[in-house]
Amino acid sequence: MNAKELNKAMEYFKKTPSVLFACLFGSHAKGGANRLSDIDIAVYMSANVSHSDLYKHSLKFMADCPLKGTKDVVMLNESSPLLAYEVLAHGRPIFIRDKKVFIDFTVAAYSRYFDTKKIRQIQFDALSERIKGGKIGHFKGNCSYKVAKIRAFACQIARTRKTH
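To convert, take the position in the sequence shown, counting from 1, and add 1; that gives this note's numbering.
Structure below.
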């Protein structure tokens with residue numbers, strides 16, 4: 002991806018005032034893209050943008066961003082600690098409206114990533130053991146009680162909605 006294309010993307014994101022920063026990540030940022038690679042873009046928006054509006058913006062950015070190729074857009078406002086870390090550690094900023102917001106988000110994202118690293122390792126180890134033992138996808142125990150409880154709760158919600 003050349004500087005001219007990145008400049009077009011910068012100008013594009015600049016036109017949306019609620020975009021505080023946008024980053025290129027994945028194979029295009031690392032220099033390992035090939036003709037089949039999609040373009041991964043991470044966007045961070047103002048805190049006053051609702052969840053549904055974040056979703057709408059991500060679809061709009063995928064469709065309208067001037068970068069050539071298939072685009073995959075993630076919203077950093079709702080990203081996992083692992084994804085935010087990957088974007089910031091290995092990605093390239095395309096556009097930064099507010100450097101303080103970018104720095105504050107980066108510090109917080111790194112903090113969340115390292116705070117949750119041990120949990121991710123425990124999950125990985127447990128999953129690896131289940132795979133090695135051939136137990137992946139098999140639940141040991143009786144879950145019918147939990148399923149019945151969930152079903153009863155769903156029915157209760159359905160009845161409540163009918164009466165209102």
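Beta carbons: idealized from backbone N, C-alpha and C, even for Gly. None of the values given here were measured: they were computed from a predicted structure.
Check, Outcome
"Return yes when the Cβ of serine 112 is within less than 9 Å of the Cβ of glycine 70, no when it is not.", "no"
"Going by other Cβ atoms of all chains shown within 10 Å of its Cβ, with 16 needed for buried, is serine 81 buried or exposed?", "exposed"
"Could you check where the alpha helix (DSSP H) with leucine 89 kicks off and where it finishes?", "82-91"
"Just to confirm, are phenylalanine 106 and alanine 23 a CB contact at a threshold of 9 Å?", "no"
"Might you give, ordered along the chain, the residues of its own chain that have their beta carbon closer than 6 Å to the beta carbon of valine 88, omitting 5 neighbours on each side?", "Cys24, Phe26, Ala43"
"Three-state secondary structure (DSSP) at methionine 63?", "helix"
"So, using beta-carbon positions, are lysine 16 and leucine 68 closer together than 9 Å?", "no"
"When the distance is taken between beta carbons, is alanine 85 closer than 9 Å to alanine 110?", "yes"
"Considering only C-alpha positions, which residue in the set Met11, Asp54, Ser129, Met2 is nearest to alanine 30?", "Met2"
"I'd like to know whether the C-beta atoms of leucine 7 and phenylalanine 103 end up nearer to each other than 9 Å.", "no"
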